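Below: the structure, in structure tokens.
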Amino acid sequence: MNAPTVTATKPHSPANAIRIGYARVSTRAQDHLSQMQALEGAHCREIVEETASTRKDRPKLRATIERMHAGDTLVIYKPDRIARSMKELLVFLEDELAPRGINLEILSGICAGLHRPNGQTIADKMLFMVAAMAAEMERDLISERTLDGLAAARAHGRTGGRPPALDADKLAAARARQARGESITAIAKHLGVGRSTLYRALEEEDRPAAATTTAAPMVEAAVTKQAARMPSKAEDEACDAATYAMATALQERRPAAYRAIVDDLTPAERDQVSQACVRAAARRDRDQKG
Numbered sequence: 001m002n003a004p005t006v007t008a009t010k011p012h013s014p015a016n017a018i019r020i021g022y023a024r025v026s027t028r029a030q031d032h033l034s035q036m037q038a039l040e041g042a043h044c045r046e047i048v049e050e051t052a053s054t055r056k057d058r059p060k061l062r063a064t065i066e067r068m069h070a071g072d073t074l075v076i077y078k079p080d081r082i083a084r085s086m087k088e089l090l091v092f093l094e095d096e097l098a099p100r101g102i103n104l105e106i107l108s109g110i111c112a113g114l115h116r117p118n119g120q121t122i123a124d125k126m127l128f129m130v131a132a133m134a135a136e137m138e139r140d141l142i143s144e145r146t147l148d149g150l151a152a153a154r155a156h157g158r159t160g161g162r163p164p165a166l167d168a169d170k171l172a173a174a175r176a177r178q179a180r181g182e183s184i185t186a187i188a189k190h191l192g193v194g195r196s197t198l199y200r201a202l203e204e205e206d207r208p209a210a211a212t213t214t215a216a217p218m219v220e221a222a223v224t225k226q227a228a229r230m231p232s233k234a235e236d237e238a239c240d241a242a243t244y245a246m247a248t249a250l251q252e253r254r255p256a257a258y259r260a261i262v263d264d265l266t267p268a269e270r271d272q273v274s275q276a277c278v279r280a281a282a283r284r285d286r287d288q289k290g
């Protein structure tokens, strides 16, 4: 599919650059309270809330991007508010934000920070790609352990969780109104409760049995050490695997972008990437045989 045509916009001066928060409100309402609190504390000029049934059905996000100018910043809570995978996140940065000169700020998670699609060095971009892949692996691990925790709880006759703040009838009414596109503010007013109370009740109803994971601190520590040039053997292997997966995906799906990145590397950097791919491929072959 061809990339959409992007009309260049006149850049704002640094003093006039704006920050707009974007919150994607799914029907399950997980993380809504944390998401909104983080955005409200991020000094955004405005926060755009969107109730979307699918990842592609995001007219408010599209409209928001189209009225932003070069130098402005789109602020999100986590990468999964705009993308479910590393590939989708990178395509969003390259096809939607970079041509317009719009920055992306992520408030939480291993990818947290300000990302300037047109102002990063190759090293910055590589580190961001590795972090995005690590975040995707972390999310998959959490999902797997959550399912394992639910299965174990059901096997012992437990469902877990605290009593909901609202009764079942009110929660059902809230979800029905949310599915029709009503905002959380309007729904809370209709039910006669505060916004925070409604967010919390929806989160508690959705929250599965507790499933602990040490993935987040482990991954964050790995990336921190990698950036400080102090990798352990396991971290070296993880970085090799991420580099190999990223290079393979770009070669197959975005060959022009791949060639542009390779052309921008120094001979030493090309050699490092090549060696990382060779090591990762060799380990993959060994694992498959063993």
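In full-length UniProt numbering, the protein residues as written are 1 to 290.
Backbone N, C-alpha and C define an ideal beta-carbon position, used for all residues, glycine too.
Since this is a predicted model, take the numbers as computed values, not measurements.
Within the region 242 to 278, ranges of the alpha helix (DSSP H) (whole runs, at least 4 residues)
Runs of the alpha helix (DSSP H) inside the region 242 to 278: 255 to 264.
Chain-order list of residues whose beta-carbon lies under 6 Å from that of M218 (same chain, five-residue window excluded)
Taking the sequence shown and counting its residues from 1, the one referred to as residue 218 is at position 218. In this prediction, M218 has a pLDDT of 46, which is less than 50 and means its spatial position is unreliable; nothing more can be read from the coordinates.
If distances are taken between C-alpha atoms only, which option among K189, R180, A241, E66 comes closest to T51?
Within the sequence shown, the letter at position 51 stands for residue 51. Comparing Cα-Cα distances from T51 to each of K189, R180, A241, E66, the minimum goes to R180.
Terminal residues of the continuous alpha helix (DSSP H) containing H32?
Within the sequence shown, residue 32 is the residue found at index 32, counting from 1. H32 -> alpha helix (DSSP H) spans 32 to 40.
Determine the closest residue to I65 out of I20, R175, D57, S196, with distance taken between C-alpha atoms.
Translated into the one-based positions of the sequence shown, residue 65 becomes position 65. Considering only alpha carbons, the answer is I20.
Which residues does DSSP list as the beta-bridge partners of G192?
Taking the first residue of the sequence shown as position 1, residue 192 is located at position 192. Answer is none; G192 lacks a bridge partner.
Let's test the definition: count the other Cβ atoms within 10 Å of the Cβ of M1 and tell me whether it reaches 16, buried, or not, exposed.
Locating residue 1 in the sequence shown gives position 1, where the first residue counts as 1. Since pLDDT at M1 reaches only 43, below the 50 mark, its modelled position is unreliable, and no value is offered.
R177 versus I184 - alpha carbon distance
Numbered from 1 along the sequence shown, position 177 holds the residue referred to as residue 177. Numbered from 1 along the sequence shown, position 184 holds the residue referred to as residue 184. Just so you know, the alpha carbons of R177 and I184 end up roughly 9 Å apart.
Relative to the C-alpha of L33, which residue among R45, E49, C44, P267 is closest?
Locating residue 33 in the sequence shown gives position 33, where the first residue counts as 1. With distances taken between Cα atoms, L33 lies closest to E49.
In whole angstroms, what separates the C-alpha of A23 from that of R286?
Looking up residue 23 in the sequence shown gives position 23. Looking up residue 286 in the sequence shown gives position 286. Here the C-alpha atom of A23 lies approximately 43 Å from the C-alpha atom of R286.
Determine, using beta carbons only, whether F92 comes closer than 8 Å to chain C.
Absent from the structure: chain C. Only one protein chain is present.
A98, enclosing alpha helix (DSSP H) - first and last residue
Mapped onto the sequence shown, residue 98 falls at position 98. Looking at the DSSP string, A98 is not in any alpha helix (DSSP H), and its letter there is neither H nor E.
A188 and G194 closer than 8 Å at C-beta:
On the sequence shown, position 188 is the one that residue 188 refers to. On the sequence shown, position 194 is the one that residue 194 refers to. Result yes, Cβ atoms of A188 and G194 sit closer than 8 Å.
Cβ-Cβ distance between I102 and D72 below 8 Å
Counting from 1 along the sequence shown, the entry for residue 102 is found at position 102. Counting from 1 along the sequence shown, the entry for residue 72 is found at position 72. Taking 8 Å as the Cβ cut-off, I102 and D72 qualify as a contacting pair.
First and last residue of the uninterrupted beta strand (DSSP E) at A23:
In the sequence shown, residue 23 corresponds to position 23, counting from 1. Its beta strand (DSSP E) spans residues 19 to 25.
Applying the criterion that 16 or more other CB atoms from any shown protein chain within 10 Å of the CB defines a buried residue, is T243 buried or exposed?
Residue mapping note: residue 243 aligns to position 243 of the sequence shown, counting from 1. By the neighbour-count definition (other C-beta atoms within 10 Å, threshold 16), T243 is a buried residue.
Going by the beta-carbon positions, is the gap between L191 and K170 smaller than 8 Å?
Taking the sequence shown and counting its residues from 1, one reaches residue 191 at position 191. Taking the sequence shown and counting its residues from 1, one reaches residue 170 at position 170. Cβ distance < 8 Å, so L191 and K170 count as in contact.
The beta strand (DSSP E) spanning E46 covers which residue range?
As a working mapping, residue 46 is identified with position 46 in the sequence shown. Note, E46: beta strand (DSSP E), 46 to 51.
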